[in-house]
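See structure below.
Quick look at the structure:
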C-alpha cells in the first residue's frame, strides 16, 4: 500500500463515523476489498453502496477502493469524512426516517440506487423538503426478512473455483545485496504464475491471493525443504468466504537461473555492474561450498466450500504427478478436478472421485445435522488446556479482539474454524482472517472485533497492540490486553452451572491436551513422510454411478437423531475393502460403510484414512477408521457438548423476541432486560448482558424473526424442543422434533464423477514426464465438460456480513444415475484383472518354491544342531540348576524387601504424626510472630503519618505567619514613605535622589525597611543639625548681598541664561552660606535645568506624555511653567511623576565640562584655606550627611582625588559617592562643596550669550 493509501486507511480507522457506511450505516470491515470511497463527496461507503454510486456516473460520483487503488495528495485532501458529508447531504433527514431507511437498506427492502440518487443527485435532504421523507413503505419493510437476509449470500455450485500456481516475481526493492549475502536474503514479490480457469464474473480471483500464499514473504533457500500444507480463508467482493488450500514446495534452480536473478532489469543503467553474492558465484563455477539453491512455489485450490481433506489429497496427488511419468498431461487432471466434478448436495447423494492414485468420496451432511466441519477439532484441545479453550470461546462470545499466534501456520485456520464451529448457533460477525500476512499486520490495530491468525514472532515485537487477546498456541497461554495503567482486562464469568457441565463433558470426550505431540510438531508437513518422493506408478480411472442397496438390520444400525444419540457403524469385511473395484464387489458393500466419508468429521479422520489406505491397488476405497472406546477424543461429542451449552443458556430466548419489530422497524427485536431478569443470576448477568448486545446475538435474533425456515434456525429450535421433551412427564404433549427425525436426506446414492478426458490426446502410447512443476499450457486442458447438476436448490452461504445478491438463481433438474459402464472403463478393468491374475500365478509358484527350500534348510540345520547340542545339554542342565538356586534366593530377597517396605511405611507414618504435631506448634508460633510484626508495622506507619501531619501543620503556620508579616511590612513601609516624603520636602533633597530612592526601595522587604529607617534617621539628623547651625549663626535670614541673592533664587525665573546662573553660583560660593543654602540652590538649579531640557532638548511626543502625566492641557499656555510648578516639592506631588520627570538624561557638552573643572579647582583652593576655620563649626554636621564617617572613600565625604577624578570625567552612572547603585545623600560635605552626583549646570542655549 502506498503512503497516500495508508493515510486514507488511517482516516477510516481513526473515526467511528468513518468505520460505518455513510449511506446504509453497515460496519466496514478491514478486508482490502470491503471499504470504498465516494471521492466526489469525500465519504466512505460499503461495497454495495459503491455500486450504487457507480450507477450515477463519473460526472456525479467517482468511486475508488481504499486499499486497492492508488491515491494522490489532492484526492486524500478531498476526503472530508462521513460526519461532514452527512451534515450537508442529510441535514434535513429526520432521525427516525434515517434509522428506518438504513435498516431497509441493510436488509435489501429498499433500493440503494433510489436512496443514493435522492441523497446525492437530487439532494433532497439538503432542503426543508427532505423532512417529509418517510422512508420505505410499510409493505416492503414487513417483508424485509421474508426472502433475503444480510446473513445469507448465494454462491455458485462449483466444486472448486480456481487452481492457482504462485511463484517468484520481481525482486523486492530494498537494501542492496552484498557479496556476503546469503540465499535467504534474496526476496521476491509473490506473483500468480498460472491460474485455471479464467476469472468468473460472480467470484473473481482476489488480486492479493499471492500475499496469503506466502504470508511471511518469498525468499530463496540454501537447503531442501519438505513440502508444507496450510489453509486460509478470504472474503470476496460479494461478502462470501473463500476457502483456500496451499501446498508449498521448493524447486532447485540451475546455475544459469541463479545468475539471471541478479541481472539488471531492462532499461536500467548498464554501466554499473550488478553485485553477485559469493554463493551465486560459487554455484556458477561449480564450487563444492554451494551445491544447490531452491526457490519456493505454491499450489492453491480456492473454493466456496470448506472441503479441506479432498483438496489436500488432490494437491498431494498433483504434486506427486509432477514427479511421475503420466499417461496424460497434468492439465487434464487439473481441469477434471476443478471444472468437471459436481458439487454434492446436503445429503442424499455423495460423489465418487477418482484421483491419479486414489479414489475418494465427497459428501455433505443433511440439513438436519450439524454443519460441515472438514478439519481437525483435535488440534485446538491439544495445544490449549480446557480452561484456556473456554476463555477463548468467552472472548469470541463477547466480541473481543482475538489473535491466534503459532509458529505452525497449518494450525491457525483449523483452530480458527474450530472456534467458529463451536459457536453454533451463533455466527461470528467481526473480521475473520485466520492467516494474516506480515504485510497486513496493521489490521490488528483496527478498532473492530476480529479473529485473526499471525506468526508467533509477532509476540516479540515492541509495537505489539495492547488491546488484543493474544492466544499463544505454542506455549498454552493467553496474553490479555492492558489499559493505560497497565491493568489486565478481566472477562466476565460465564454462567457457572452451564460452564461447569460443559467442562465436565469436555473432560470426558476432549481431554487430549498434549502440546508436544508428534502430530503438532509435524503439523506443517504436507505428507506423512517421504512419500512425496515416490512417483505414481499406477493410474486409476472410473466412471460409474453406484446404487446404494438397503442395509440389513443386523449389519448397520440406523442413525439416530443428531443430539445425544450414539452413531454406530457396522464392520466391513477385510475382503470387501481390499478387493478390486468390480461391480459385484461394489454391490456387496452397504452404504453405511461409506457414510462417514462425508466430511462431517474432522480432517484428522481423513488423514488417518489416507495413511490406512489399502496397498492392493490405486482403486482402493478411502474409509474412516472406527473410533475405539478409549480414543480420548470424539469430535461429534465435542460439538454436541457446546450445542447443549448454548441450549441451556438460550432455551427460553423465543419468549423474549419481539415479533412486531418486523412491522414497525423501530422497536427492539429482543427484550434484553426481561431475559436477564428471568434467566440469569448476579454472577452470570454481566456476561449475558454483553453477549446479548453483541452483533452475533443480534444476527441470531434477526434470523429467527425474518428467516424462520432456515435449516440452522429450525435445527436449533427443535434441539431445544428435544431437551424440553426429556423433562416432560408422561401423558403431556411433546414438542415438535420432526425436523431432527426426518430421514429423507440420508445419503442413498453415489455419483461417479467422470475421469480426466483423453479427447484430443495422441493414441500412440505417449507419456508425459516433468522435471519440475510445469507451466500450465492452455491448449492441453482440452474441452471442458460441464459437470452434472446433482440438485436444484440454491447454494447459500451463511455467517457473512449483509451483502446484495449478484448471482443468478440456478434452476437445476434432479440427478439421473448413469448405470452404463463405458467400453474403455471395461477394457481397463479386464486388463487390470489379467495383470493381477498373472502376478498371482507367478507369486504362487514362487511361494511354493520358497517353502520347499526353507523345509530343506530346516532339516539340515536340525541335524547339525542335534550333534552340537549333546555337549551343550549338560552345560545347560548345570546352568538351569544354578538358575533355580538363584531364583529361590531372589524370591526370599523379594519377601524380605516386602517386609522391610512395610516396616518403613509404619515408621514413616509414625514420623508423619510427630512432624504434624511439630508443624502445628510451629504454625501457631509463626502466626503470633506475624501478628506482632504487623502491629509493629502499623505503629511505624502511624508514626510516619503523625510526623507528616505535624510537618503540614508547621508549614501551614509558617504560611500564615509570612502572610501576616508581609501585611505588616506593607503598612510599615507606607508609613515610612509618607514620613520620608515630608522630611525630603523640609531638607530640600534633590529630585534625582528622590526618584531613584523611590523606585529602588519600593518592595516591602526588610532591606527596604532598614534603608527607609536609615534614611529617616539621616534626614532627622540633617534637619536637627540645620536647626542647630542656624542657632549658632544668628544670620538665619541673610542681609546684604546674600539676602539679595537668596531672594533672587526663590523668585520664579522663567527665562534665564547660563551666564546669570553661573554668576549667582560663583557669588554664592564666595559668600558665607550653610549646607541648607547649598541644597536649596542645587534644587533650584535642577528645576532650571529640567525646564531647559523640556524646552530645548525634549521631543514633542515626550512633552505631550509629560503633559498627560501631570493632567496639563496641551493647548493651554505656560505649560512648561505648570510642569515646573508641579515638580516643586510639596505634599501633593506624586512621587511617580517626580521620578519620571527627574529621570531625564541631561547631557553635557564640552563647555559645561570645562566650566565644571574650573569651578572644582576654584572650590578646592578656597576649601583648603577655609578648612581649618570651619572645621570646628562644621564638625557636628559631617556625620549626619551619610551612614559613614569622614575620610572614608566612597561614602559621605569625597577626597580630593575623587573630586579631581569626578571633575575630569563622566557625568553618568554611579560615582564614587554611590553605594551599590544607590545615590548618597546630596547635601555636601563638611566644607560645603556640591556632591559629585549632582549634574553640572545646564549649558546655555545655542546661539545665546555665555
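Residue numbers (the working numbering): 11 to 1260. Even glycine gets a Cβ: it sits at the ideal position worked out from N, Cα and C.
Any idea what DSSP makes of residue 2, helix, strand or coil? The requested residue 2 does not occur in the structure, where the chain is confined to residues 11 to 1260.
Would you call the stretch 456 to 465 and the stretch 677 to 687 in contact, with 3 or more CB pairs under 8 angstroms? no
Taking its Cβ as the centre, do 16 or more other Cβ atoms sit within 10 Å of residue 221, making it buried, or is it exposed? Numbered from 1 along the chain shown, position 211 holds the residue referred to as residue 221. When all chains shown are included, residue 221 counts as buried.
Whole-angstrom Cβ separation of residue 199 and residue 176, contact assumed at under 8 angstroms? Counting from 1 along the chain shown, the entry for residue 199 is found at position 189. Counting from 1 along the chain shown, the entry for residue 176 is found at position 166. Contact flag wrong, Cβ pair sits at about 11 angstroms.
Once you ignore the five residues that flank residue 515 on each side, which residues in its own chain have a CB closer than 7 angstroms to its CB? Within the chain shown, residue 515 is the residue found at index 505, counting from 1. For residue 515, where only same-chain residues beyond five positions count, the Cβ hits under 7 angstroms are 651.
Quick one: grab the DSSP three-state call for residue 324. Counted from its first residue, the chain shown places residue 324 at position 314. Three-state DSSP puts residue 324 in a helix.
To which residues of the same chain is residue 27 closer than 6 angstroms at the C-beta, ignoring the five residues directly before and after it? On the chain shown, residue 27 is found 17 positions in, with the first residue counted as 1. Contacts found: 92, 93.
What first and last residue would you give for the beta strand (DSSP E) that runs through residue 371? Position 361 of the chain shown, counted from the start, is the residue given in the question as residue 371. That run of the beta strand (DSSP E) goes 369 to 372.
In the DSSP assignment, find the alpha helix (DSSP H) that holds residue 63 and state where it starts and stops. Indexing the chain shown from 1 puts residue 63 at position 53. First-last of the alpha helix (DSSP H) with residue 63: 57 to 66.
Ignore the nearest five residues each way along the sequence and tell me which others in residue 336's own chain have a CB closer than 6 angstroms to its CB. Taking the chain shown and counting its residues from 1, one reaches residue 336 at position 326. The answer, listed in chain order, is 778.
May I have the straight-line CA-CA distance separating residue 326 from residue 433, to the nearest angstrom? One-based indexing of the chain shown puts residue 326 at position 316. One-based indexing of the chain shown puts residue 433 at position 423. Going from the Cα of residue 326 to the Cα of residue 433 covers about 32 angstroms.
My assumption, with CB atoms under 8 angstroms, is that residue 308 sits in contact with residue 257. Please give the rounded CB distance. Residue 308 sits at position 298 when you count from the first residue of the chain shown. Residue 257 sits at position 247 when you count from the first residue of the chain shown. With a Cβ gap of about 7 angstroms, residue 308 and residue 257 count as contacting.
Can you tell me whether DSSP reads residue 897 as helix, strand or coil? In the chain shown, counting from the first residue as 1, residue 897 sits at position 887. Three-state result, residue 897: helix.
Pairwise C-alpha distance: residue 849 and residue 893: As a position in the chain shown, residue 893 is number 883, starting the count at 1. As a position in the chain shown, residue 849 is number 839, starting the count at 1. Each residue's Cα considered, the two are about 53 angstroms apart.
Closest to residue 427 by C-alpha separation, out of 470, 642, 241, would be which residue? Counting from 1 along the chain shown, the entry for residue 427 is found at position 417. Comparing Cα positions, the closest option is 241.
Kindly list the residues whose CB is nearer than 7 angstroms to the CB of residue 522, restricted to its own chain and excluding five residues on each side of it in sequence; keep chain order. Working through the chain shown from its first residue, we reach residue 522 at position 512. The residues are 388, 391, 392, 642, 643.
Using the Cα positions of residue 906 and residue 888, report the straight-line distance between them to the nearest angstrom. As a first step, residue 906 must be located in the chain shown, where it is residue number 896. As a first step, residue 888 must be located in the chain shown, where it is residue number 878. Distance between the alpha carbons of residue 906 and residue 888: 27 angstroms.
Any chance you could list the alpha helix (DSSP H) runs of at least 4 consecutive residues sitting entirely within the stretch 665 to 736, in chain order? 671 to 674, 682 to 689, 695 to 702, 705 to 716, 721 to 736
To the nearest angstrom, how far is it from the Cα of residue 117 to the Cα of residue 244? Counting from 1 along the chain shown, the entry for residue 117 is found at position 107. Counting from 1 along the chain shown, the entry for residue 244 is found at position 234. So the alpha carbons of these two residues sit roughly 23 angstroms apart.
Residues of its chain near residue 568, where Cβ-Cβ distance is below 7 angstroms and the 5 sequence neighbours each way are ignored: Taking the first residue of the chain shown as position 1, residue 568 is located at position 558. Since pLDDT at residue 568 reaches only 32, below the 50 mark, its modelled position is unreliable, and no value is offered.
What would DSSP say about residue 258, mapped onto helix, strand or coil? Against the chain shown, residue 258 aligns to sequence position 248. Strand.
Pull up the DSSP beta-bridge partners for residue 306, would you. By 1-based counting over the chain shown, the position of residue 306 is 296. In DSSP, residue 306 forms a bridge with 260.
Along the chain, where does the alpha helix (DSSP H) that runs through residue 268 open and close? Position 258 of the chain shown, counted from the start, is the residue given in the question as residue 268. Segment 265 to 271, the alpha helix (DSSP H) holding residue 268.
Run through DSSP, which three-state label would residue 639 get? Your numbering for residue 639 matches position 629 in the chain shown. Note that residue 639 scores a pLDDT of 39, beneath 50, so its modelled location is shaky; the value from the coordinates is reported in the next line. Note: residue 639 maps to coil in three-state DSSP.
Within a Cβ cutoff of 7 angstroms, which residues of the same chain sit near residue 449, ignoring the five residues on either side of it in sequence? In the chain shown, residue 449 corresponds to position 439, counting from 1. Once the five neighbours on either side are set aside, the close Cβ partners of residue 449 are 221.
Any non-hydrogen atom of the ligand NAP closer than 7 angstroms to residue 1015 Cβ: As for the ligand NAP, it is missing from this structure, which has no ligand bound.
Let me confirm a value: residue 376 is counted as buried when at least 16 other C-beta atoms fall within 10 Å, else exposed. Which label applies? The residue you call residue 376 lines up with position 366 of the chain shown. Under this definition residue 376 is a buried residue.
With 16 other Cβ atoms within 10 Å as the buried cut-off, status of residue 712: Residue numbering aside, residue 712 sits at position 702 when the chain shown is read from its first letter. It counts as buried.
Helix, strand or coil: how does DSSP classify residue 463 here? Here residue 463 refers to the residue found at position 453 when the chain shown is read from its first residue. Of the three classes helix, strand and coil, the one that applies to residue 463 here is strand, per DSSP.
When you compare the CB positions of residue 293 and residue 285, do they come within less than 8 angstroms of one another, or not? Position 283 of the chain shown, counted from the start, is the residue given in the question as residue 293. Position 275 of the chain shown, counted from the start, is the residue given in the question as residue 285. Not a contact, by the Cβ cut-off of 8 angstroms.
When you compare each of 212, 191, 216, 196 to residue 1265 by their alpha carbons, which one comes out closest? Beyond the ends of the chain as shown, which are 11 and 1260, falls residue 1265; an answer cannot be given.
According to DSSP, which residues form a beta bridge with residue 443? Looking up residue 443 in the chain shown gives position 433. The partner list for residue 443 (beta bridge, DSSP) reads 462.
If we count the other Cβ atoms within 10 Å of its Cβ and call it buried at 16 or more, is residue 859 buried or exposed? Locating residue 859 in the chain shown gives position 849, where the first residue counts as 1. Its Cβ having fewer than 16 others within 10 Å, residue 859 is exposed.
At least 3 beta-carbon pairs within less than 8 angstroms: the stretch 355 to 368 vs the stretch 749 to 765: yes
Assign residue 219 to buried or exposed, taking buried as 16 or more other Cβ atoms, counted over all protein chains shown, within 10 Å of its Cβ. The residue you call residue 219 lines up with position 209 of the chain shown. Burial call: buried.
Using DSSP with H/G/I as helix, E/B as strand and the rest coil, what is residue 433? Sequence index remark: in the chain shown, residue 433 carries index 423 (1-based). Here residue 433 sits in coil by DSSP.
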